[in-house]
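Participant: In the numbering used here, the protein residues as written are 38 to 453.
Think of the CB as a built atom: it goes at the ideal place given N, C-alpha and C, for glycine as much as any other residue.
My questions all concern the structure below.
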């Protein structure tokens with residue numbers, strides 16, 4: 038028995054495919070959209086006409102190259118930046134960042150603040166997050182009615198419903214339902230995301246050829262985290278965001294981790310752990326609260342200059358990461374890996390021991406073919422992942438025919 042697709046569902050799906058194709062390509066022609074989506078030219082023409090009329094897409098000017106060719110010049114279609122906006126909030130160790138991003142994906146307003154997240158009370162932490170959102174919404178240059186989604190990312194564990202922070206190493210506070218708090222305060226739909234998951238989302242949008250079905254994003258910063266994509270889907274646990282790679286055990290009863298346990302991968306590969314080993318401090322030494330990026334860059338420079346405790350600290354980091362990845366690859370097979378964060382800039386010091394450790398595991402059978410990319414700054418990736426998560430939600434709201442959302446109303450207002 039065959040199951041038919043309802044006309045409304047088909048229309049919704051086709052509109053989604055067109056919007057996604059435009060978002061990925063930037064300003065493709067109708068012919069290029071047809072080639073990407075597999076939809077007929079007549080269907081593309083009808084859908085694009087509707088979306089232009091609704092203020093969701095906008096036509097660009099014909100290119101000079103196209104004008105020189107015979108026939109009708111190809112006109113590019115782009116997302117109308119005024120159709121909607123989203124807000125991203127990134128909360129990390131002693132740092133809070135917010136950005137307002139238009140429908141075309143461009144940052145139109147941002148703010149950053151230094152905080153002492155490790156000592157702040159629950160009320161103060163929540164207050165800082167709501168205050169920074171409020172200041173952006175009160176910006177006279179921003180149309181508040183166009184802000185259709187807020188995505189907040191944090192280092193740590195979030196719940197599977199993307200509503201709450203369950204635990205984070207950046208604060209002693211636990212179980213804060215940030216999404217519910219922001220929605221109640223501002224009346225705008227919100228989600229609470231794991232920062233490494235958002236890095237993975239951003240990588241997939243940036244380079245869908247490399248980061249497509251199976252890949253891993255590893256955060257090499259003060260903490261060690263992981264975003265994992267399997268069979269094209271972002272991996273999350275049954276109760277939480279999952280992917281706590283940094284807190285897999287490397288050596289039972291080993292070095293003290295800032296999570297309070299011992300022997301975690303992070304207790305050897307996190308910035309504070311590399312710093313502790315480079316200073317030849319005891320593994321029982323309490324982790325340093327914060328090591329600056331400048332300090333880590335100086336440490337890496339010293340490790341490159343001479344063979345000493347600094348270089349050995351990076352070797353230990355590579356070993357811990359390698360055994361952890363090798364164990365993971367024994368389960369899922371090797372996949373492309375992106376190393377992200379300030380210590381990714383020192384990957385040349387980490388990689389030899391990492392590859393050697395992987396080769397000693399069951400997952401290291403193809404260790405030589407495993408490829409690594411590096412990105413030394415995690416904030417742009419986390420922000421971009423949050424933005425794409427939020428914009429995808431807006432896309433789904435807008436392309437639902439007949440659904441009146443804030444974004445849809447804003448789009449209609451712009452073409453009125």
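Using a C-beta cutoff of 8 Å, does residue 52 count as contacting chain C?
Facilitator: Any reference to chain C falls outside this structure, which holds one protein chain only.
Participant: Taking the beta carbon of residue 65 as the centre, do at least 16 other beta carbons fall within 10 Å, making it buried, or is it exposed?
Facilitator: Counted from its first residue, the chain shown places residue 65 at position 28. Buried: at least 16 other Cβ atoms inside 10 Å.
Participant: Just tell me which of 365, 433, 430 has its CA closest to the CA of residue 264.
Facilitator: What you label residue 264 is simply residue 227 of the chain shown in a count that begins at 1. Of the candidates 365, 433, 430, the one whose C-alpha sits nearest the C-alpha of residue 264 is 365.
Participant: Which residues mark the beginning and the end of the alpha helix (DSSP H) in which residue 369 is found?
Facilitator: In the chain shown, the residue the question calls residue 369 occupies position 332. Taken as a continuous stretch (DSSP letters only), the alpha helix (DSSP H) holding residue 369 covers 346-369.
Participant: Count the C-beta pairs between the segment 245-263 and the segment 216-228 that are closer than 8 Å, then say yes if the count reaches three, no if not.
Facilitator: The segment 245-263 is not in contact with the segment 216-228.
Participant: Could you give the DSSP three-state label for residue 101: helix, strand or coil?
Facilitator: Against the chain shown, residue 101 aligns to sequence position 64. Confidence is the limiting factor: at residue 101 the pLDDT is only 41, short of 50, which leaves the residue's position unreliable, though a coordinate-based value still follows. Helix.
Participant: Between the segment 341-361 and the segment 384-394, do three or more beta carbon pairs fall short of 8 Å?
Facilitator: Yes: at least three Cβ pairs fall under 8 Å.
Participant: Please classify residue 347: is it buried, with 16 or more other beta-carbons within 10 angstroms of its beta-carbon, or exposed?
Facilitator: Translated into positions along the chain shown, residue 347 becomes position 310. Flag for residue 347 reads buried.
Participant: Would you call the CB atoms of residue 375 and residue 410 closer than 8 Å?
Facilitator: For the purposes of this step, residue 375 is taken as the residue at position 338 of the chain shown. For the purposes of this step, residue 410 is taken as the residue at position 373 of the chain shown. Yes; because the gap between Cβ atoms is below 8 Å, this pair is in contact.
Participant: Tell me whether residue 235 sits in a helix, a strand or coil according to DSSP, three-state version.
Facilitator: As a first step, residue 235 must be located in the chain shown, where it is residue number 198. Residue 235 falls in the helix class under three-state DSSP.
Participant: By how many angstroms is the C-alpha of residue 210 removed from the C-alpha of residue 78?
Facilitator: As a position in the chain shown, residue 78 is number 41, starting the count at 1. As a position in the chain shown, residue 210 is number 173, starting the count at 1. Cα-Cα distance, rounded: 55 Å.
Participant: Could you please give me the residues that DSSP links to residue 196 through a beta bridge?
Facilitator: Here residue 196 refers to the residue found at position 159 when the chain shown is read from its first residue. In the DSSP output, where bridge partners are listed per residue, residue 196 has 277.
Participant: Identify whether residue 263 lies in helix, strand or coil by the three-state DSSP scheme.
Facilitator: Sequence index remark: in the chain shown, residue 263 carries index 226 (1-based). In the structure shown, residue 263 sits in a strand (DSSP, three-state: E or B).
Participant: Which residues mark the beginning and the end of the beta strand (DSSP E) in which residue 139 is found?
Facilitator: Taking the chain shown and counting its residues from 1, the one referred to as residue 139 is at position 102. Run containing residue 139: 132-139, per the beta strand (DSSP E) assignment.
Participant: Anyone know if the C-beta pair for residue 390 and residue 355 falls short of 8 Å?
Facilitator: Along the chain shown, read from residue 1 onward, the residue named residue 390 stands at position 353. Along the chain shown, read from residue 1 onward, the residue named residue 355 stands at position 318. Yes, the Cβ-Cβ distance between residue 390 and residue 355 is below 8 Å.
Participant: Counting C-beta neighbours from all protein chains within 10 Å, is the total for residue 353 16 or more, i.e. buried, or is it exposed?
Facilitator: Residue numbering aside, residue 353 sits at position 316 when the chain shown is read from its first letter. Buried, since its Cβ has 16 or more Cβ neighbours within 10 Å.
Participant: Taking the alpha-carbon of residue 169 as reference, which of 134, 71, 138, 141 has the nearest alpha-carbon?
Facilitator: Working through the chain shown from its first residue, we reach residue 169 at position 132. Closest by alpha carbon: 134.
Participant: Applying the 10 Å Cβ sphere with the 16-neighbour rule, what's the burial state of residue 104?
Facilitator: Start at 1 with the first residue of the chain shown, and residue 104 comes out as number 67. Confidence in residue 104 is poor, its pLDDT being 43 and thus under 50, which makes the residue's placement unreliable; the coordinate value appears in the next sentence. Per the 10 Å Cβ criterion, exposed.
Participant: Once DSSP output is grouped into helix, strand and coil, what is the label at residue 64?
Facilitator: In the chain shown, the residue the question calls residue 64 occupies position 27. Coil, per DSSP.
Participant: Skipping 5 residues on each side, what residues in its chain have a beta carbon closer than 6 Å to that of residue 294?
Facilitator: Your numbering for residue 294 matches position 257 in the chain shown. Here the set comprises 301, 303, 304.
Participant: Could you pull the DSSP bridge partners for residue 252 from this structure?
Facilitator: To locate residue 252, count along the chain shown from 1; it is residue 215. The partner list for residue 252 (beta bridge, DSSP) reads 266.
Participant: Give the DSSP-derived three-state secondary structure of residue 144 in the structure shown.
Facilitator: In the chain shown, counting from the first residue as 1, residue 144 sits at position 107. Residue state, collapsed to three classes: strand.
Participant: In the structure shown, what three-state DSSP assignment does residue 115 receive?
Facilitator: The residue labelled residue 115 in the question sits at position 78 within the chain shown. Three-state result, residue 115: strand.
Participant: Please classify residue 415 as buried or exposed, where buried requires at least 16 neighbouring CB atoms within 10 angstroms.
Facilitator: Start at 1 with the first residue of the chain shown, and residue 415 comes out as number 378. Buried is the call here.
Participant: When DSSP builds the beta bridges, which residues end up paired with residue 204?
Facilitator: As a working note, residue 204 is residue 167 in the chain shown. In the DSSP output, where bridge partners are listed per residue, residue 204 has 194.
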